[in-house]
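Working notes for the structure below.
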Amino acid sequence: MGIRSRLAGLAALVVAVAALLCLRPAAPDGAAADAPAARPASATGIEWERPRFADRAAERRAMVRRDIQREGVRDPAVLAAMRQVPRHEFVPAGYRRRAYDDRPLPIGHGQTISQPYIVAYMTQQLGLKPGDKVLEIGTGSGYQAAVLSEITPHVFTIEIVRALGEAAKARFKRLGYKTIQCKIADGYYGWPDRGPFDAIIVTCAAGTIPPPLVKQLKPGGRMCIPVGPTGATQRLILVTKDAQGQVKSRSLIPVVFVPLTRKAR
Ligand code: SAH
26 MGIRSRLAGL
36 AALVVAVAAL
46 LCLRPAAPDG
56 AAADAPAARP
66 ASATGIEWER
76 PRFADRAAER
86 RAMVRRDIQR
96 EGVRDPAVLA
106 AMRQVPRHEF
116 VPAGYRRRAY
126 DDRPLPIGHG
136 QTISQPYIVA
146 YMTQQLGLKP
156 GDKVLEIGTG
166 SGYQAAVLSE
176 ITPHVFTIEI
186 VRALGEAAKA
196 RFKRLGYKTI
206 QCKIADGYYG
216 WPDRGPFDAI
226 IVTCAAGTIP
236 PPLVKQLKPG
246 GRMCIPVGPT
256 GATQRLILVT
266 KDAQGQVKSR
276 SLIPVVFVPL
286 TRKAR
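For what it's worth, our numbering labels the leading residue of the sequence shown as 26, then goes sequentially.
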């Protein structure tokens with residue numbers, strides 16, 4: 026189904042749900058009305074609960090216009106997701122004030138939450154449809170996984186640092202991101218018993234593309250992964266597998282990510 030028809034379906038749904046719940050109608054820019062409680066979404070007949078947050082919604086809308094839309098991200102589903110997920114809930118208390126700045130922020134254990142533009146850009150590269158199964162390597166704060174879960178209920182995410190993985194699981198629970206499945210492991214190996222995946226997103230930099238991840242990509246699947254040396258600029262690589270299983274990769278933009286490490290700590 027095309028993006029346009031998906032958007033039209035989503036817009037119709039938002040209006041219908043808003044009318045049903047007596048909320049104010051969808052904003053003209055396509056942003057969903059803020060609702061305090063979780064409510065189901067069914068853009069293409071798939072139903073899942075996504076939590077809604079009124080807090081700092083105006084800052085999120087401004088961030089999307091200023092740092093994401095103006096910088097060229099156009100996928101309506103990605104823009105809507107970025108307007109919904111409360112980034113301030115994913116950063117340490119001391120950084121909350123700056124949660125809607127377009128910059129990475131420390132999340133402890135030497136790790137960072139990516140800058141919003143990069144989260145949106147990478148998500149757009151995956152070309153996700155509701156119902157797609159997506160794997161993330163590098164849960165970190167859980168923010169990227171929450172953004173993905175706005176677009177599809179089938180989100181799997183792996184974190185190698187136990188304390189971060191446990192904190193992300195607790196955060197998903199507290200905020201109501203019920204559909205995200207998170208495990209603590211070395212993401213180099215992917216999640217074979219949950220694959221294959223329509224899309225894979227790696228949010229830590231690998232020296233080379235891990236073969237198990239390529240293997241777990243479905244025919245027609247897409248993987249977005251930063252590749253290059255640690256502590257320097259890497260390239261974001263888009264790996265595609267065609268219907269015949271042939272794999273191609275294309276270099277996108279320069280990025281700086283924390284390294285993909287191989288030892289569980
Ligand atoms: N996506 C995150 C940001 C990730 S930072 C967010 O939205 O907040 C990169 C994360 O990758 C770090 O938390 C780091 O611990 C994790 N990581 C590094 N190597 C890994 C590996 N082999 N498997 C899984 N996670 C890994």
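Ideal placement from N, C-alpha and C gives every residue a C-beta, glycine not left out. Quick caveat: nothing in here was measured; it's all calculated off a predicted structure.
Thinking C-alpha only, which one of the options is nearest residue i?
i      : options                           : result
Thr182 : Arg91, Pro141 and Ile205          : Ile205
Arg196 : Thr255, Tyr168, Thr177 and Arg219 : Tyr168
Ser274 : Ile143, Ala268, Ala257 and Cys249 : Cys249
Ser139 : Arg122, Ala170, Ala79 and Gly152  : Ala170
Thr137 : Lys288, Phe282, Thr286 and Arg287 : Phe282
Tyr146 : Arg122, Glu96 and His134          : Glu96
Leu153 : Gln94, Thr177, Ala193 and Pro251  : Thr177
Ile132 : Phe115, Lys198 and Ile185         : Phe115
Asp218 : Thr233, Leu238 and Val186         : Leu238
Thr286 : Lys266, Val280, Met88 and Gly256  : Gly256
Ile71  : Ile143, Val144, Gly156 and Ala106 : Gly156
Met107 : Gly119, Trp73, Val227 and Glu84   : Glu84
Ala79  : Met88, Thr265 and Gln109          : Gln109
Lys288 : Phe222, Gly232, Tyr213 and Ile234 : Tyr213
Going by other Cβ atoms of all chains shown within 10 Å of its Cβ, with 16 needed for buried, is residue i buried or exposed?
i      : result
Ile278 : exposed
Glu191 : exposed
Asp100 : buried
Gly215 : buried
Lys158 : buried
Glu161 : buried
Thr148 : buried
Glu175 : buried
Pro244 : exposed
Val280 : buried
Asp92  : buried
Ser276 : exposed
Does the beta carbon of residue i fall short of 6 Å from some heavy atom of the ligand HEM?
i      : result
Asp211 : The ligand content of the structure shown is limited to the ligand SAH, which means the ligand HEM is not among them.
Rounded to whole angstroms, how far is the Cβ of residue i from the Cβ of residue j, which I believe are closer than 8 Å?
i      : j      : result
Pro111 : Arg86  : Contact flag wrong, Cβ pair sits at about 13 Å.
Leu173 : Val180 : 5 Å
Pro117 : Leu200 : 15 Å between Cβ atoms; not a contact.
Thr164 : Cys207 : 6 Å
Arg247 : Leu261 : With a Cβ gap of about 12 Å, Arg247 and Leu261 do not count as contacting.
Val186 : His134 : 5 Å
Val252 : Ile234 : 6 Å
Roughly how many angstroms lie between the CA atoms of residue i and residue j, to the nearest whole one?
i      : j      : result
Pro284 : Lys203 : 28 Å
His113 : Pro141 : 12 Å
Ala224 : Pro254 : 24 Å
Arg90  : Asp126 : 12 Å
Gln269 : Ala124 : 43 Å
Gln241 : Asp211 : 15 Å
Ser166 : Pro129 : 12 Å
Pro236 : Val272 : 11 Å
Lys194 : Leu104 : 25 Å
Asp54  : Val144 : Low confidence applies here, because Asp54 scores a pLDDT of 36, under 50, leaving its location unreliable; read the following figure in that light. Cα to Cα, the separation comes out at about 20 Å.
Glu184 : Thr258 : 22 Å
Gln94  : Gln150 : 15 Å
Glu74  : Ala102 : 16 Å
Quick one: does residue i have its CB under 7 Å from some CB of chain D?
i      : result
Gly246 : Within the model displayed, chain D is absent; a lone protein chain is all it includes.
At what residue ranges does the segment 233-283 contain a whole run of the beta strand (DSSP E), taking only runs of 3 or more?
242-252, 259-266 and 272-280
May I have a chain-ordered list of the beta strand (DSSP E) segments no shorter than 3 residues that lie completely inside the segment 126-167?
Fully enclosed beta strand (DSSP E) runs of 3 or longer: 130-133, 136-138 and 158-162.
Completely contained beta strand (DSSP E) runs for the segment 155-227, where each covers 3 or more residues:
158-162, 179-184, 205-209 and 222-227
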